[in-house]
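Asker: Handing you a structure now.
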Amino acid sequence: MSLRENKSESLDWLTIFMFGCLALFGWLMIIAVDFREDTFSLFDFGSQHGKQLIWIGSSVVIATLILLLDYRFITTLAYPYYAVMLLLLAATLVLAPEVKGARSWFMIGPFTFQPSELAKAATALAMAKYITSASTSMRQFRTRVVSLMLLVVPAGLIILQGDTGSAIVFLGLIIVLFREGFPVTLPLIGMYTAALFLLTVKYGPVVIIIGLAVVFLALVGLMARNWKHNRTRVLAVTTIFLASVSFSYFVVDYVFNDVLKPHHQTRLNVLLGKEYSAGADYNVLQSKIAIGSGGWVGKGYLEGTLTKGDFVPEQSTDFIFSTVGEELGFVGSAFLVTFFVLFLLRILFIAERQRSHFTRVYGYGVASILFVHFAVNIGMAIGMLPVVGIPLPFISYGGSSLWGFTILIFLLLKLDANRKLVLR
Amino acid sequence: MTDFEPRKYVIMGVMVLFGLLYIGRLFMLQVVDESLKTQASDVGERIIFPARGLIYDRNGKLIVGNQPIYELLVVQQQVGEMDTTRFCELLGITDSQFTARLQKLRSNPGLFSRLKPEPFLQQIPYETFAQFEEHRHEFPGFYPQVKMVRSYPYGVAAHVVGDIGEVSKREREQSNYYYELGEYVGKSGLEKQYEEVLRGTKGKQYYLKDNIGRYLGPFRDGAFDTAAVAGTNLTTTLDIELQQYGEWLMQNKRGSIVAIEPATGEILAFISSPAYDPNLLVGRVRGENFTQLLRDTVNKPLVNRPLTALYPPGSTFKPLMGLMAVQEEAIRLGTSYPCRGGYLHAGVRVGCHAHEPIDDLNEAIQHSCNAYFCNALKQFLEAEQFENESEGIDKWADYLAQFNLGRKTGVDLPGEYGGNIPAASYFDKLYEGWRWKAITVISLSIGQGEITTTPIQIANMYAALANEGYYYRPHLVKSIAHDTSQLLQQYREKQTIAIDSAYFHYILDGMERVVIDGTARLARIDSVSVCGKTGTAENPHGEDHSLFSAFAPKENPQIAIAVVVENSGFGGTWAAPIASLMMEFYLKRKISDRRKWLEQRMVQADFIHEPEEVEG
Numbered sequence: 003m004s005l006r007e008n009k010s011e012s013l014d015w016l017t018i019f020m021f022g023c024l025a026l027f028g029w030l031m032i033i034a035v036d037f038r039e040d041t042f043s044l045f046d047f048g049s050q051h052g053k054q055l056i057w058i059g060s061s062v063v064i065a066t067l068i069l070l071l072d073y074r075f076i077t078t079l080a081y082p083y084y085a086v087m088l089l090l091l092a093a094t095l096v097l098a099p100e101v102k103g104a105r106s107w108f109m110i111g112p113f114t115f116q117p118s119e120l121a122k123a124a125t126a127l128a129m130a131k132y133i134t135s136a137s138t139s140m141r142q143f144r145t146r147v148v149s150l151m152l153l154v155v156p157a158g159l160i161i162l163q164g165d166t167g168s169a170i171v172f173l174g175l176i177i178v179l180f181r182e183g184f185p186v187t188l189p190l191i192g193m194y195t196a197a198l199f200l201l202t203v204k205y206g207p208v209v210i211i212i213g214l215a216v217v218f219l220a221l222v223g224l225m226a227r228n229w230k231h232n233r234t235r236v237l238a239v240t241t242i243f244l245a246s247v248s249f250s251y252f253v254v255d256y257v258f259n260d261v262l263k264p265h266h267q268t269r270l271n272v273l274l275g276k277e278y279s280a281g282a283d284y285n286v287l288q289s290k291i292a293i294g295s296g297g298w299v300g301k302g303y304l305e306g307t308l309t310k311g312d313f314v315p316e317q318s319t320d321f322i323f324s325t326v327g328e329e330l331g332f333v334g335s336a337f338l339v340t341f342f343v344l345f346l347l348r349i350l351f352i353a354e355r356q357r358s359h360f361t362r363v364y365g366y367g368v369a370s371i372l373f374v375h376f377a378v379n380i381g382m383a384i385g386m387l388p389v390v391g392i393p394l395p396f397i398s399y400g401g402s403s404l405w406g407f408t409i410l411i412f413l414l415l416k417l418d419a420n421r422k423l424v425l426r
Numbered sequence: 054m055t056d057f058e059p060r061k062y063v064i065m066g067v068m069v070l071f072g073l074l075y076i077g078r079l080f081m082l083q084v085v086d087e088s089l090k091t092q093a094s095d096v097g098e099r100i101i102f103p104a105r106g107l108i109y110d111r112n113g114k115l116i117v118g119n120q121p122i123y124e125l126l127v128v129q130q131q132v133g134e135m136d137t138t139r140f141c142e143l144l145g146i147t148d149s150q151f152t153a154r155l156q157k158l159r160s161n162p163g164l165f166s167r168l169k170p171e172p173f174l175q176q177i178p179y180e181t182f183a184q185f186e187e188h189r190h191e192f193p194g195f196y197p198q199v200k201m202v203r204s205y206p207y208g209v210a211a212h213v214v215g216d217i218g219e220v221s222k223r224e225r226e227q228s229n230y231y232y233e234l235g236e237y238v239g240k241s242g243l244e245k246q247y248e249e250v251l252r253g254t255k256g257k258q259y260y261l262k263d264n265i266g267r268y269l270g271p272f273r274d275g276a277f278d279t280a281a282v283a284g285t286n287l288t289t290t291l292d293i294e295l296q297q298y299g300e301w302l303m304q305n306k307r308g309s310i311v312a313i314e315p316a317t318g319e320i321l322a323f324i325s326s327p328a329y330d331p332n333l334l335v336g337r338v339r340g341e342n343f344t345q346l347l348r349d350t351v352n353k354p355l356v357n358r359p360l361t362a363l364y365p366p367g368s369t370f371k372p373l374m375g376l377m378a379v380q381e382e383a384i385r386l387g388t389s390y391p392c393r394g395g396y397l398h399a400g401v402r403v404g405c406h407a408h409e410p411i412d413d414l415n416e417a418i419q420h421s422c423n424a425y426f427c428n429a430l431k432q433f434l435e436a437e438q439f440e441n442e443s444e445g446i447d448k449w450a451d452y453l454a455q456f457n458l459g460r461k462t463g464v465d466l467p468g469e470y471g472g473n474i475p476a477a478s479y480f481d482k483l484y485e486g487w488r489w490k491a492i493t494v495i496s497l498s499i500g501q502g503e504i505t506t507t508p509i510q511i512a513n514m515y516a517a518l519a520n521e522g523y524y525y526r527p528h529l530v531k532s533i534a535h536d537t538s539q540l541l542q543q544y545r546e547k548q549t550i551a552i553d554s555a556y557f558h559y560i561l562d563g564m565e566r567v568v569i570d571g572t573a574r575l576a577r578i579d580s581v582s583v584c585g586k587t588g589t590a591e592n593p594h595g596e597d598h599s600l601f602s603a604f605a606p607k608e609n610p611q612i613a614i615a616v617v618v619e620n621s622g623f624g625g626t627w628a629a630p631i632a633s634l635m636m637e638f639y640l641k642r643k644i645s646d647r648r649k650w651l652e653q654r655m656v657q658a659d660f661i662h663e664p665e666e667v668e669g
């Protein structure tokens, strides 16, 4: 059979359609942010909606180029691509100018470019390549450590750049490792530690230690009846208890005060309801007011008075969801959330239908990255998660992110298109 | 790897769970929670302030206008990359001024200070402002602001037109909160008196605003807006050139001039000296200048002397005394009294100066004989138609009231004082338990004693004399553009005096002779017959106040005038020449060469700075 025939046959048009819908929807929302009755011009390429049109157009070109590639390129180039991206991230640290406290953007002429957006796909590919190589197995400790390092290294570089939001996206790739058999203990410990950290910040170490002690004594009391049989369990519980107490008492304080930057501390405090400073929760409050003022069906497209009034800072990028909430109301925003979840499930469906293990791992990588973006961005806009500046995929204004997501999706679609050829 | 396959359901479950969680949260925010909707109020009201009415003089010359002042505001947060050098060039400021100005604003703490418009540059000349406007789009964050303030092309008549200033708390309460905070209202003079005419009608504009109140655009395309209606223009009765001339003559003197057109009661000139340029109290310089004027407690330039300075009318009162004595048949026109250097009766002495013998009332007026009028008052009070002196003095006070002496004239300016005319009850109280007689109050006959009047009352008295027995209440507004109110009605009502007009006619001759061959020969004007009377108001604190009241021409009076020059001595020396120069200027529009020296002498006289000149 001819390769060309095969391609058109198995290309997943539903995903492409959904992708197109989201990008178009995003463009309409950016127009809404820019819109002013008196001065608006649809094809003003100096404006954000004008530029976004260029980004969408160039993304179509990128998508087409990817589909024209030989799929074997993708697997072959996974490691080199990853290596180049790591170098770029490191170079960014040194060469990029500081913008709003972060060194994550390159300036090339009039354009700005964010390497971390492209590093996401690279990391997902590298991880897929590594996990599916013949010599590795999740049962091996080494495999676990290396696979973890694959995402920790770029995440670390990005944290050094000062862009916490993007780093969190990389940590989301743990979902992939989980699917591939990474022991649950580690994520559980991670979640337990995070919970302990937040609770300690909120209530202070004393309350937490008392709480831990109560639980510990209750458990020991329960196990004391059958001492011999439960000896190892008691030992484990005691270890966990002591570790928790010292974490709560020593580590939390150190991390909160010495590792986190002041604006992170404020955001955490705001989220935990400990602080109501007008400056820190201003963005979130304005975003919530805009969303809340939408009501059931919203004020109507281009009728968002708060959007027009520049009430919400960063509204075309990080807080684009507030425009959706204000102008399209509950119906529109719930529809967008549902659509997004369906899109994620579609990607998981694609991942699961692969005969190629590589493609499946990569597919999960794509889903994880998109999911973290979706969850963090909307969660922040509706005040459920702390303010972390990452874009809402396909919707937020921005060339680098749209290119990044396009590459992410179309690499998967290219691999998926050839799923029947792969026997591996 | 198949053994881990069930984990995909965990992952899918988590994703679906987040979706549901968010939809639930959105439902709370958008449908359940009402508080967020109320916080998003977004329609603002903006008041459009109308232009204040203009004020003209009787000949249509603009005396109070409006002028725009231009300012530049800055919203710091919106200031972006810009060509600072070009900016400074356009506005004519230096780079360092620019930096200093911005730095000062930046040092201002507070979250919203960077988001709200703040004044960047004030009082920009129009040409500079217009030039900058063309390039303003190059400098985001900078906004123009035009404010209207008053302008006074002639720089005179400050005490008439008054001024405007920011509304006070009390004024807002009294107006039932018609005024906005910081709105300008008339504070004194015509600006205050005719506030409701001049202020116009405010308009209202509804607009979309952002969360810090910045203007975004009209609300519903202005469907609910109301337009502002400019204030109504006033035409005053002032002759602004006469006013200007009078203020020029009165420089370096304390005192008043009030000139009235007798036929109408229209005030032609209204001078309170020392005067000041009303332009001093406009805009940025207002505060400083106002304090300076307020601090001058010796000359009190802010005091409105024609309305509030209380003087005994002195000898200017004598024609009136004569008229009522004749009317009550206490004396006849031809009555004569001997004057032996004064009036002497029962141990009371009222001195008089040396003059020719007096044969009739007119000669008494001509030479201002004190003894004559003392006798006339005594005869008046003891006339047989009155039961006693009390009844007589009440009748006397009634005549004064008919001339509106010692009571407010009702002129259309705020803050007028009445003065005092003593009646029987006054003296009964003053001399309680002791029966007072004509001789006790004899100094009233020559306008001294317990009688106090204001310059505007004296001028009005002379308007009534000029009219031979009637007057119209003095007023400053001639007409109000498209006026349908009854605001000026009271000034159209003739006030008549119950004295035979034949007596008035007779007495004009005496007053004319005062100028021709009497106490005020310096007041003569070529080819115009002037009737007048000098006066000297005794002043316990220093040199007497010089008074002169007059009208001209005798046959067809066009102008009646009262002049007071404080602490200058005898009326004939200072007040009379000033009054006659005013009348000459009004009637002929120029001063004859023959009298230029007099004009110079009057202008140069200084009773404020130098030791007072002792003359006459």
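Residue numbers (our numbering), protein chains in the order written: chain C, 3 to 426; chain U, 54 to 669.
Yeah, the Cβ is synthetic: ideal placement off N, Cα and C, and Gly gets one too.
Please read all numbers here as calculations on a predicted model, not as lab measurements.
#1: Under the three-state reduction of DSSP, which class applies to C:A98: helix, strand or coil?
#2: Can C:I392 and C:I68 be called in contact, C-beta distance under 9 Å?
#3: Determine, using beta carbons only, whether U:F71 comes closer than 9 Å to chain C.
#4: Going by alpha carbons, who is nearest to U:E416 out of U:V568, U:Q501, U:I76 and U:I495?
#5: Determine the direct distance from the alpha carbon of U:Y544 to that of U:G585, and round the result to whole angstroms.
#6: Sort C:Q288, C:V343 and C:P156 by Cα distance to C:P117 and report the nearest one.
#7: Going by the DSSP bridge assignment, what does C:H51 pair with across the sheet?
#8: If you draw a straight line from the C-alpha of C:A280 to the C-alpha of U:E134, how long is it?
#9: Okay, do the region 136–146 of chain U and the region 179–196 of chain U touch, 3+ Cβ pairs below 8 Å being the bar?
#10: For U:G194, which residues of its own chain have a beta-carbon under 8 Å away from its beta-carbon, when the five flanking residues on both sides are left out?
#11: Let's see if you can read the secondary structure: which residues bound the beta strand (DSSP E) around U:C584?
#12: Please report whether the beta-carbon of U:D349 lies at a distance below 9 Å from any beta-carbon of chain C.
#13: Quick one: grab the DSSP three-state call for U:S602.
#14: Would you please verify whether the beta carbon of U:L82 is less than 9 Å from any beta carbon of chain C?
#15: Can you pull the DSSP bridge partners for U:M201?
#16: Based on DSSP bridge pairs, tell me the residues matched to U:P172.
#17: Check the Cβ-Cβ distances between C:W29 and every residue of chain U, and say whether any is below 9 Å.
#18: Please go through the region 445–486 of chain U and give each complete alpha helix (DSSP H) segment of 4 or more residues, from N-terminal end onward.
#19: Mind the definition here: the region 193–208 of chain C touches the region 371–380 of chain C only if three or more C-beta pairs lie below 8 Å; say whether that holds.
#20: Which residue comes first and which comes last in the beta strand (DSSP E) that contains U:Q548?
#21: Contact check, U:K306 vs U:A658 under 8 Å by CB: the rounded distance?
#22: Exposed or buried, U:F660, counting other C-beta atoms within 10 Å across all chains shown (16 or more means buried)?
#23: In whole angstroms, what separates the C-alpha of C:R421 from that of C:L70?
#24: Three or more beta-carbon pairs under 8 Å between the region 378–387 of chain U and the region 525–544 of chain U, yes or no?
#25: Return helix, strand or coil for U:M636, following the three-state DSSP convention.
#26: List the residues of chain C that U:E65 touches, going by C-beta distances under 8 Å, in chain order.
#27: May I have the straight-line CA-CA distance separating U:I552 from U:A605, to the nearest angstrom?
#28: Please classify U:L70 as buried or exposed, where buried requires at least 16 other C-beta atoms within 10 Å of its C-beta.
#29: Can you tell me whether DSSP reads C:F373 as helix, strand or coil?
#30: Spatial neighbours of U:M564 within its chain, please: C-beta separation below 7 Å, excluding the five flanking residues on both sides.
#31: Who are the Cβ neighbours of U:I324 in its own chain at under 7 Å, not counting the five residues just before and after it?
#32: With distances taken Cα to Cα, identify the nearest neighbour of U:P610 among U:T505, U:Y524, U:Q175 and U:I76.
#33: Is there a Cβ from chain C that is less than 9 Å from the Cβ of U:M135?
Answerer: Let's see:
#1: Of the three classes helix, strand and coil, the one that applies to C:A98 here is coil, per DSSP.
#2: no
#3: yes
#4: U:V568
#5: 25 Å
#6: Relative to the Cα of C:P117, the nearest Cα in the group C:Q288, C:V343 and C:P156 belongs to C:P156.
#7: Answer by DSSP bridge pairing: none, since C:H51 is not bridged.
#8: Caution applies to C:A280, whose pLDDT of 47 falls short of 50 and renders its modelled position unreliable; the value that the coordinates give is listed next. Between C:A280 and U:E134, the C-alpha separation is close to 28 Å.
#9: yes
#10: V127, V128, Q129, Q130, Q131, V132 and G133
#11: C584 to A590
#12: no
#13: strand
#14: yes
#15: For U:M201, which the question treats as bridged, DSSP gives the partners U:P121.
#16: U:L126
#17: no
#18: Listed in chain order, the alpha helix (DSSP H) runs fully inside the region 445–486 of chain U are 477–483, counting runs of at least 4 residues.
#19: They do not touch, by the three-pair rule.
#20: K547 to T549
#21: 7 Å
#22: buried
#23: 16 Å
#24: Taking a cut-off of 8 Å on C-beta distances, the region 378–387 of chain U does not touch the region 525–544 of chain U, as fewer than three cross pairs fall below it.
#25: helix
#26: Sequence inspection shows Met at residue 65 of chain U; the Glu mentioned does not correspond to that position. Going along chain C in sequence order, the residues near U:M65 (Cβ under 8 Å) are L347 and L350.
#27: Straight-line Cα distance between these residues: approximately 21 Å.
#28: exposed
#29: helix
#30: Counting only Cβ-Cβ distances below 7 Å, and skipping sequence neighbours, we find P372, I418, C584, G585 and K586.
#31: Q296, G299, E300, M303, S309 and I310
#32: U:Y524
#33: no
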